[in-house]
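Numbering (the working numbering), first residue to last: 5 to 257.
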Ligand SMILES: C[S@@+](CC[C@H](N)C(=O)[O-])C[C@H]1O[C@@H](n2cnc3c(N)ncnc32)[C@H](O)[C@@H]1O
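This is how it looks when you write it as structure tokens:
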């Protein structure tokens with residue numbers, strides 16, 4: 005028989021998922037009402053960003069909440085959300101508002117939505133061959149300056165925008181982040197894990213994770229030999245701001 009491998013405690017390897025500063029007494033919960041159903045919100049779906057985003061809002065954000073979408077783009081996320089359900093504040097670098105420097109007071113916002121570029125082109129002549137990409141993502145070539153390049157630049161933007169979201173969110177306010185992992189310079193980068201680690205340091209608690217699976221088959225130009233699995237999924241991550249009081253997050257009533 006083999007020796008048992010000593011495992012690190014779960015909290016030591018998953019520090020971003022520790023909501024409780026003050027441990028609450030555990031109460032036994034027995035649901036006596038409710039109906040059996042499989043009509044549920046699932047963690048993985050092929051239904052597309054707009055549908056999944058609407059489901060995330062339904063689960064996590066109380067109607068009437070102030071929601072700041074700070075990388076609004078073309079507003080695709082909002083296509084399945086009734087326009088009167090939330091007080092939406094839509095901004096984007098295209099309007100001159102950088103998600104790292106928002107025009108909101110501390111603690112003014114109930115929910116921040118963040119979907120910055122999840123790939124980076126380094127600027128200079130690289131943009132000449134990447135104009136559609138650049139138009140969509142707005143990297144260095146169009147003023148979205150970062151101090152680093154490629155994957156580090158992607159992460160830098162997520163971290164700086166996360167810190168700004170933390171400033172404008174109220175205690176226990178919710179941050180919804182869209183991201184995708186990438187292989188950069190032949191190196192596997194699990195962006196969603198790096199974001200979770202960085203956001204834990206900022207003061208967020210990771211509450212949920214949704215996998216958006218593409219329905220088409222993304223290709224690659226000039227494959228000599230496939231090394232890593234081609235990604236056909238992205239994520240929505242849901243965080244909440246750990247407040248000074250240590251109170252835990254509660255779902256909307
Ligand atoms: C992936 S698109 C967002 C798509 C959007 N979620 C939608 O539903 O249409 C990325 C967006 O981030 C914006 N962006 C890039 N850098 C930014 C920054 N520093 N601050 C604010 N917006 C930024 C781009 O202009 C682009 O519209």
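The beta-carbon is built from N, C-alpha and C at its ideal position, and this holds for glycine as well.
From a predicted model like this one, the values you see are computed outputs, not experimental measurements.
Find the nearest neighbour of residue 75 within the set 199, 110 and 94, judged by alpha-carbon distance. Put simply, of 199, 110 and 94 the residue whose alpha carbon is nearest the alpha carbon of residue 75 is 94.
Say the cut is 7 Å; is the CB of residue 74 nearer than that to a heavy atom of ligand 1? yes
Among 207, 158, 249 and 208, whose alpha-carbon lies nearest the alpha-carbon of residue 185? For residue 185, the closest C-alpha among the options 207, 158, 249 and 208 is that of 158.
Compute the Euclidean distance between the alpha carbons of residue 178 and residue 166, then round it to the nearest angstrom. 11 Å
Residue 241 vs residue 183 beta-carbon contact at 8 Å: yes
Helix, strand or coil for residue 248 per DSSP? coil
Can residue 79 and residue 174 be called in contact, C-beta distance under 8 Å? no
With 8 Å set as the bound, which would you pick, yes or no: does the beta-carbon of residue 197 sit closer than that to a beta-carbon of chain C? Of the protein chains in this structure there is only one, and it is not chain C.
Measuring straight from C-alpha to C-alpha, what distance separates residue 115 and residue 101? 17 Å
Quick check on DSSP: helix, strand or coil for residue 194? coil
Where residue 43 falls, given that 16 or more other Cβ within 10 Å makes a residue buried: exposed
Are the beta-carbon atoms of residue 259 and residue 120 separated by less than 8 Å? Residue 259 falls outside the range modelled here, since the chain spans only 5 to 257, and no answer is possible.
Run the proximity test for residue 79: is its beta-carbon closer than 7 Å to any non-hydrogen atom belonging to ligand 1? yes
Between which two residues does the alpha helix (DSSP H) containing residue 58 stretch? Note, residue 58: alpha helix (DSSP H), 53–64.
Measure the beta-carbon distance from residue 60 to residue 180 and round it to whole angstroms, keeping in mind my assumption that it falls under 8 Å. Rounded to whole angstroms, the Cβ separation of residue 60 and residue 180 is 6 Å, and the two are in contact under 8 Å.
Exposed unless 16 or more other CB atoms sit within 10 angstroms - verdict on residue 104: buried
Given residue 155 as reference, the closest of 168, 192 and 170 once Cα atoms are compared: 192
Determine the DSSP secondary structure at residue 48, reduced to helix, strand or coil. strand
Examine ligand 1 and report whether any of its heavy atoms sits within less than 7 Å of the Cβ of residue 183. Residue 183: no, Cβ never under 7 Å from ligand 1.
For residue 186, name the three-state secondary structure that DSSP assigns. strand
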